[in-house]
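Undergrad: One structure, as structure tokens, below. Some questions next.
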Amino acid sequence: NYLCFETSQSSYITSLILFSYSCLGGSDNFKHLNEIDLFNYIDPNESKHKRTDRSILCCLRKGESGQSWPRLTKEKAKLNWLSVDFNNWKDWEDDSDEDLSNFDRFSEMMNNMGGDEDVDLPEVDGADDDSPDSDDEKMPDLE
4 NYLCFETSQS SYITSLILFS YSCLGGSDNF KHLNEIDLFN YIDPNESKHK RTDRSILCCL
64 RKGESGQSWP RLTKEKAKLN WLSVDFNNWK DWEDDSDEDL SNFDRFSEMM NNMGGDEDVD
124 LPEVDGADDD SPDSDDEKMP DLE
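Numbering (the working numbering), first residue to last: 4 to 146.
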């Protein structure tokens, strides 16, 4: 599970079954505190977080891999300040085989998505053909 908190200047994160987050934010450096009673416990040694001046992205590793959670929180209450980051979504069945090092290389992966210039593409019939296509015909005037 990934959690992202925006506008953080200083923070600390503690976790096991109660996920606590606090930071100083805003122009007046007001202390903000949020706590999430997690559905089940997490492994704090395998969980990671990355803090920037603007946000904190947390990757929480479940304590028992291979077990699905029906939700992140213990209670079914809707937390308006909490949302899912679908850009980092991962199915729970895949979590045991994945290395957390990918968490640190996410931006590197996005920068390399331009493709490979050395790849030879196969010839496509009609790709360089100068013959007119059926959609090149003149459209009849509207009445």
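Just so it is clear, CB atoms sit at the ideal spot from N, CA and C, and this is done for glycine as well.
1) Using only CA atoms, which one of P143, G29, I39, Q70 lies nearest to W84?
2) With C-beta atoms as the reference, is L19 less than 8 Å away from Y44?
3) Measure the C-alpha to C-alpha separation of A80 and L60 and round it to an integer number of angstroms.
4) Beta carbon of F22, beta carbon of L41: below 8 Å?
5) Between K34 and the rest of its own chain, which residues show a CB-CB distance below 7 Å, the 5 nearest in sequence each way excluded?
6) Can you tell me whether DSSP reads N83 as helix, strand or coil?
7) Could you tell me if K65 is buried or exposed, where buried requires 16 or more neighbouring beta carbons within 10 angstroms of its beta carbon?
8) For K77, which residues in the same chain have their Cβ closer than 6 Å to its Cβ, ignoring the five residues on either side in sequence?
9) Apply the 10 Å Cβ neighbour rule to S50 and answer buried if 16 or more other Cβ atoms are within range, or exposed otherwise.
10) Using the C-alpha atoms, what's the distance from E146 back to E140?
11) Rounded to the nearest angstrom, what separates S71 and L82 at their Cα positions?
TA: Quick look at the numbers:
1) Out of P143, G29, I39, Q70, I39 has the C-alpha closest to the C-alpha of W84.
2) yes
3) Rounded to whole angstroms, the gap between the alpha carbons of A80 and L60 is 22 Å.
4) yes
5) S25, L27
6) In this structure, DSSP gives N83 a state outside helix and strand, which the three-state scheme calls coil.
7) buried
8) Sequence-distant Cβ neighbours of K77 in its own chain, meaning closer than 6 Å and more than five residues away, are D40, F42.
9) Result: buried.
10) 18 Å
11) 20 Å
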